[in-house]
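Contents: one structure, followed by commentary.
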Amino acid sequence: MNWMHSCKKVAELLSQRLDEPLGLIDSLRLRIHLSMCDNCGNVDKQMSSVNALAADLFSGGGAIQEDAQATQHSEATPTSPA
Ligand SMILES: [Zn+2]
């Protein structure tokens with residue numbers, strides 16, 4: 090049995106994992122691969138942070154604040170001799 094997924098397969102599993110829980114074998118293989126492959130580890134981190142952010146948005150946590158910045162207009166009036 091091949092325990093080492095290809096990076097492509099791992100990417101598929103990572104996105105699949107967002108929709109539905111993986112099977113025991115798949116999640117185990119995923120872990121093994123992630124422990125060996127830095128690239129996929131980074132992808133995993135990014136995906137989970139994006140997923141957490143999305144979950145936050147959908148749950149209506151209201152963690153995101155818009156900062157409204159008041160723009161100041163400074164008018165430079167040319168000094169004209171009277
Ligand atoms: Zn990989």
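Per the numbering used here, the very first residue in the sequence shown carries number 90; after that it's consecutive. Heads up, the beta-carbon is just placed ideally off N, CA and C, and yes, glycines get one too.
query	result
Less than 8 Å between the CB atoms is what I'm expecting for L123 and G130, so what's the real figure, rounded?	5 Å
Give the DSSP-derived three-state secondary structure of L111 in the structure shown.	coil
Three-state secondary structure (DSSP) at G130?	helix
Could you give the DSSP three-state label for S124: helix, strand or coil?	helix
Quick check: what's the CA-CA separation for N128 versus T166?	57 Å
Would DSSP call S104 helix, strand or coil?	helix
Which residue from C96, S148, A143 puts its Cα closest to that of R120?	C96
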